[in-house]
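Residue numbering for the sequence shown follows UniProt numbering, beginning at 317 and increasing consecutively.
Note that beta-carbon positions come from the ideal geometry of N, C-alpha and C, so glycine has one too.
Accompanying notes for the structure given below.
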Amino acid sequence: PEAITVQELANRMAEKGADLVKAMFKMGMAVTVNQTIDQDTAELLVTDFGHNVRRVSDADVELELDTTEDNEADLKPRAPVVTIMGHVDHGKTSLLDALRGTSVTSGEAGGITQHIGAYQVTLKDKSQITFLDTPGHEAFSDMRARGANVTDIVVLVVAADDGLMPQTIEAINHTKAAGVPMIVAINKCDKPEANPQKVRERLLEHEVIVEEMSGDVQDVEVSALKKTGLDDLLDKIQLQAELLELKANPDRAAEGTVVEAKLDKGRGPVATILVNRGTLKVGDIFVVGAESGKVRAMIDDKGKQVKKAGPSTPVEVLGLSGVPMAGDQLQVVDTETKAREIAEYRQGVMQQKRTTQAPASLESMFSALK
Ligand code: GTP
Ligand code: MG
Numbered sequence: 317p318e319a320i321t322v323q324e325l326a327n328r329m330a331e332k333g334a335d336l337v338k339a340m341f342k343m344g345m346a347v348t349v350n351q352t353i354d355q356d357t358a359e360l361l362v363t364d365f366g367h368n369v370r371r372v373s374d375a376d377v378e379l380e381l382d383t384t385e386d387n388e389a390d391l392k393p394r395a396p397v398v399t400i401m402g403h404v405d406h407g408k409t410s411l412l413d414a415l416r417g418t419s420v421t422s423g424e425a426g427g428i429t430q431h432i433g434a435y436q437v438t439l440k441d442k443s444q445i446t447f448l449d450t451p452g453h454e455a456f457s458d459m460r461a462r463g464a465n466v467t468d469i470v471v472l473v474v475a476a477d478d479g480l481m482p483q484t485i486e487a488i489n490h491t492k493a494a495g496v497p498m499i500v501a502i503n504k505c506d507k508p509e510a511n512p513q514k515v516r517e518r519l520l521e522h523e524v525i526v527e528e529m530s531g532d533v534q535d536v537e538v539s540a541l542k543k544t545g546l547d548d549l550l551d552k553i554q555l556q557a558e559l560l561e562l563k564a565n566p567d568r569a570a571e572g573t574v575v576e577a578k579l580d581k582g583r584g585p586v587a588t589i590l591v592n593r594g595t596l597k598v599g600d601i602f603v604v605g606a607e608s609g610k611v612r613a614m615i616d617d618k619g620k621q622v623k624k625a626g627p628s629t630p631v632e633v634l635g636l637s638g639v640p641m642a643g644d645q646l647q648v649v650d651t652e653t654k655a656r657e658i659a660e661y662r663q664g665v666m667q668q669k670r671t672t673q674a675p676a677s678l679e680s681m682f683s684a685l686k
C-alpha cells in the first residue's frame with residue numbers, strides 16, 4: 317500500500333496544503349500537512365477537489381511499451397554509428413567535412429561546434445557510415461558521454477601539433493567506460509610541427525596501444541585540410557565495423573535516440589533522432605522522453621524530406637509536443653492516448669524529482685492530475 321503526505325498530494329494537484337487539511341477536517345480526519353495518508357483517502361481528496369484520479373505504476377508503463385528482443389532471423393545488417401571525439405579545435409568537424417565533401421565548419425559560430433551533428437556518408441561500394449560530430453568544449457562533457465552510448469565505434473581525433481589534451485583523455489575514458497572500439501585519427505599531419513609519433517607514445521600512458529606500437533588499436537595519420545589519409549580512415553572504420561557484425565530488425569515499431577533537440581522558431585520542437593531499430597515513418601505516433609507526438613515530417617542530413625528512416629539513420633523529426641533531452645529514447649506506440657499517458661507519467665516523475673525528495677514508490681502513485 318502506497319502513502320503520500322498531504323503536502324505532496326497538494327503539490328501534485330496544485331492546491332494549497334491548508335485547503336486539503338481543511339477538507340479532511342470536514343471529513344472527520346484531523347491531520348497536518350506533513351502527515352502521511354493512505355491511497356484511498358488520497359483518492360477521496362482528489363475527487364473532492366474535482367480532479368481525476370489515475371493510478372499509474374512503473375509496471376503499467378513498462379507493459380505498454382514493446383521492448384521485446386528481436387528474433388535472430390529478423391535481423392538485417394545495419395550501418396555503423398561512428399562518433400568523432402577529441403579535444404577542442406583538434407579538427408573533428410573539419411575531418412567530418414572532408415569525409416562528407418562538404419563544409420559545416422564555415423557555418424559554425426566562431427568555428428566551435430555547439431551540438432551533436434549527425435550525418436551519413438555513402439562509400440564507393442554503396443555501404444554507409446553514420447557519423448556523429450561532438451563538441452570538444454569542456455562544458456559539453458555530458459553530451460560526449462551520451463555520444464559514447466549510442467555509438468558502435470569512436471574515432472578519436474588528436475591534433476599532431478597539440479598532442480594529448482584534457483578532452484582527449486576524457487574521450488578515452490568515456491570510450492573505455494562504454495566498451496566501444498576506438499580508432500585514433502592523428503590529424504593536422506600537414507603541419508611542419510606535427511609529431512604523430514609523440515601522440516602514439518603519449519597514448520601508451522593511457523593504455524591505448526596503437527598498431528604502430530604493436531597494439532590492437534587502429535591508428536591513421538590524416539590531414540583534414542589537405543584531405544590525406546581519408547580513404548585509409550574509412551577502410552579502418554569498415555574493417556572495425558565488419559568485426560562487430562552490426563544488425564538490427566528494420567521491420568518493427570521504431571526505437572531511436574535523441575542526439576539533439578531544439579525549439580525552432582518556424583517549425584516548433586525539432587529533434588534529431590538516430591534510429592536504433594525498426595523503421596520510423598511519417599504518421600507514426602511516438603513517445604520520446606517526457607514528450608509525445610506524431611511524425612509530421614522527417615528531414616535527412618542532406619535537407620531532403622523523407623517518408624521513412626531505418627536503423628542507423630539520423631533524421632530530423634517534426635511533430636513533437638515539446639523539446640526532449642539529448643539522450644532520450646524514442647519509441648513508436650499504437651495510439652496517441654497511450655503516447656500521451658506515458659509522456660505525462662514521465663513528466664509527473666520528473667516534476668516530483670524536482671519538487672520533493674519523496675521516495676520512488678510515491679512517484680508512481682498519481683500522474684497528471686487535471
Ligand atoms: P570543436 O568543435 O570546437 O571542438 O573543434 P573541432 O575539433 O571540430 O575543430 P575544427 O574542425 O573546427 O577545426 C579547428 C581548426 O583547426 C580550424 O581552424 C581548422 O581549419 C583547423 N584544422 C582542422 N584540421 C586541420 C588539418 O588537418 N590541418 C591544419 N593545418 N589545420 C586543420
Ligand atoms: Mg567541431
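* Run the CB neighbour count on Pro508, radius 10 Å, all protein chains shown included, and call it buried at 16 or more, exposed below. => The sequence position of residue 508 within the sequence shown is 192, counting from 1. Classification for Pro508: exposed.
* Identified DSSP bridge partners for Pro393 -> Numbered from its first residue, the sequence shown carries residue 393 at position 77. Pro393 is bridged to Lys563.
* Asked: Using 8 Å as the Cβ pair cut-off and three pairs as the minimum, do the segment 601 to 608 and the segment 537 to 550 touch?
  -> Per the Cβ contact rule, the segment 601 to 608 is not in contact with the segment 537 to 550 (fewer than 3 Cβ pairs under 8 Å).
* May I have a chain-ordered list of the beta strand (DSSP E) segments no shorter than 3 residues that lie completely inside the segment 555 to 635? => As for any beta strand (DSSP E) of minimum length 3 sitting wholly inside the segment 555 to 635, the runs are 571 to 580, 584 to 593, 601 to 604, 607 to 615, ordered along the chain.
* Asked: How far does the beta strand (DSSP E) with Val649 in it reach, from first residue to last?
  -> For the purposes of this step, residue 649 is taken as residue 333 along the sequence shown, with counting starting at 1. Val649 -> beta strand (DSSP E) spans 645 to 649.
* Rounded distance between the beta-carbons of Glu632 and Thr588, thought under 8 Å -> Sequence index remark: in the sequence shown, residue 588 carries index 272 (1-based). Sequence index remark: in the sequence shown, residue 632 carries index 316 (1-based). Contact flag correct, Cβ pair sits at about 5 Å.
* **Whether Val474 touches Val500 by CB criterion (9 Å)** => For this step, residue 474 is matched to residue 158 along the sequence shown. For this step, residue 500 is matched to residue 184 along the sequence shown. Contact: yes.
* What are the boundary residues of the beta strand (DSSP E) that Asn503 is part of? -> To locate residue 503, count along the sequence shown from 1; it is residue 187. That run of the beta strand (DSSP E) goes 498 to 503.
* Please classify residue 714: does DSSP put it in a helix, a strand, or coil? => Shown here, the chain extends from 317 to 686; a query on residue 714 therefore has no answer.
* Counting along the chain, where does the alpha helix (DSSP H) carrying Leu415 start and finish? -> For the purposes of this step, residue 415 is taken as residue 99 along the sequence shown, with counting starting at 1. Per DSSP, Leu415 belongs to the alpha helix (DSSP H) from 408 to 416.
* To do: Would you identify the three-state DSSP class for Ile525, choosing helix, strand or coil?
  => The residue you call residue 525 lines up with position 209 of the sequence shown. Of the three classes helix, strand and coil, the one that applies to Ile525 here is coil, per DSSP.
* Asked: Below 8 Å, can you find three or more Cβ-Cβ pairs linking the segment 353 to 363 to the segment 386 to 396?
  -> no
* Asked: Does the beta carbon of Leu646 fall short of 8 Å from some heavy atom of the ligand GTP?
  -> The residue given as residue 646 occupies position 330 in the sequence shown. Not under cutoff, so the answer is no.
* Asked: Could you give the residue range of the alpha helix (DSSP H) that holds Thr357?
  -> Taking the first residue of the sequence shown as position 1, residue 357 is located at position 41. From DSSP, the alpha helix (DSSP H) with Thr357 extends over 355 to 364.
* Asked: Who does Gln436 pair with in a DSSP beta bridge?
  -> Taking the first residue of the sequence shown as 1, we reach residue 436 at position 120. Its beta-bridge partners are Thr446.
* Asked: What's the C-alpha gap between Ala494 and His403?
  -> Here residue 494 is taken as the residue at index 178 of the sequence shown, counted from 1. Here residue 403 is taken as the residue at index 87 of the sequence shown, counted from 1. Taking the straight line joining both Cα atoms gives about 18 Å.
* Is Ala540 near the ligand GTP, with its Cβ less than 8 Å from a heavy atom? -> For the purposes of this step, residue 540 is identified with residue 224 of the sequence shown, where counting begins at 1. Within the cutoff, so yes.
* To do: Grab me the residues of Leu379's own chain with a C-beta within less than 6 Å of its C-beta, minus the 5 sequence neighbours each way, in chain order.
  => Taking the first residue of the sequence shown as 1, we reach residue 379 at position 63. For Leu379, the pLDDT reaches just 48, beneath the cut-off of 50, and the residue's location in the model is therefore unreliable, although a value from the coordinates is still provided. Excluding residues within five positions, none has a Cβ falling inside 6 Å.
* Asked: What's the gap between the Cα of Glu324 and the Cα of Met343?
  -> Taking the sequence shown and counting its residues from 1, the one referred to as residue 324 is at position 8. Taking the sequence shown and counting its residues from 1, the one referred to as residue 343 is at position 27. Each residue's Cα considered, the two are about 19 Å apart.
* **Exposure of Phe602, with buried meaning 16 or more beta-carbon neighbours within 10 Å** => Numbered from its first residue, the sequence shown carries residue 602 at position 286. Label assigned to Phe602: buried.
* Asked: According to DSSP, what are the bridge partners of Ser539?
  -> For the purposes of this step, residue 539 is identified with residue 223 of the sequence shown, where counting begins at 1. The partner list for Ser539 (beta bridge, DSSP) reads Thr544.
* Looking only at C-alpha atoms, which of Ala339, Lys392, Ala434 sits nearest to Gly619? -> By 1-based counting over the sequence shown, the position of residue 619 is 303. It is Ala434 whose Cα lies nearest to the Cα of Gly619.
* Straight-line gap, Asp644 to Val591 (C-alpha atoms, nearest Å) -> As a first step, residue 644 is located in the sequence shown; it is residue number 328 there, counting from the start. As a first step, residue 591 is located in the sequence shown; it is residue number 275 there, counting from the start. Distance between the alpha carbons of Asp644 and Val591 is about 12 Å.
* Asked: Where does Ala326 sit, in a helix, a strand or coil, going by DSSP?
  -> Counted from its first residue, the sequence shown places residue 326 at position 10. The answer is helix: DSSP assigns Ala326 an H, G or I state.
* Extent of the continuous alpha helix (DSSP H) run through Ala475 -> As a position in the sequence shown, residue 475 is number 159, starting the count at 1. Here Ala475 belongs to no alpha helix (DSSP H); instead the beta strand (DSSP E) covers 469 to 475.
* Asked: What whole-angstrom Cβ distance do Arg518 and Leu579 have, given they're in contact under 8 Å?
  -> Within the sequence shown, numbered from 1, the residue matching residue 518 stands at position 202. Within the sequence shown, numbered from 1, the residue matching residue 579 stands at position 263. Actually they are not in contact, since the Cβ atoms of Arg518 and Leu579 sit about 42 Å apart, beyond 8 Å.
* Asked: Hey, how far is the Cα of Gln351 from the Cα of Asp468?
  -> Walking along the sequence shown from the start, residue 351 turns up at place 35. Walking along the sequence shown from the start, residue 468 turns up at place 152. Gln351 and Asp468: Cα-Cα distance of roughly 50 Å.
* Start-to-end residues for the alpha helix (DSSP H) that takes in Ala487 -> Here residue 487 is taken as the residue at index 171 of the sequence shown, counted from 1. 482 to 494 is the span of the alpha helix (DSSP H), which, as asked, contains Ala487.
* Can you find a CB in chain C that lies within less than 9 Å of the CB of Gly366? -> Of the protein chains in this structure there is only one, and it is not chain C.
* **Between the CA atoms of Met529 and Asp413 - distance to the nearest angstrom** => In the sequence shown, counting from the first residue as 1, residue 413 sits at position 97. In the sequence shown, counting from the first residue as 1, residue 529 sits at position 213. If I take the Cα positions, the gap works out to 29 Å.
* To do: Kindly examine the ligand MG and report whether one of its heavy atoms sits closer than 8 Å to the Cβ of Thr399.
  => For this step, residue 399 is matched to residue 83 along the sequence shown. Because no heavy atom of the ligand MG lies under 8 Å away, the Cβ of Thr399 does not count as near it: no.
* To do: Put Gln663 into one of helix, strand or coil per three-state DSSP.
  => Mapped onto the sequence shown, residue 663 falls at position 347. Note: Gln663 maps to helix in three-state DSSP.
* **Chain-order list of residues whose beta-carbon lies under 7 Å from that of Asp405 (same chain, five-residue window excluded)** => For the purposes of this step, residue 405 is taken as the residue at position 89 of the sequence shown. For Asp405, where only same-chain residues beyond five positions count, the Cβ hits under 7 Å are Gly452.
* Is Pro451 near the ligand MG, judged by its Cβ being under 8 Å from some heavy atom? -> Position 135 of the sequence shown, counted from the first residue, corresponds to residue 451. Yes, the beta carbon of Pro451 sits closer than 8 Å to at least one heavy atom of the ligand MG.
* **Per DSSP, the bridge partner or partners of Val533** => The residue you call residue 533 lines up with position 217 of the sequence shown. Val526.
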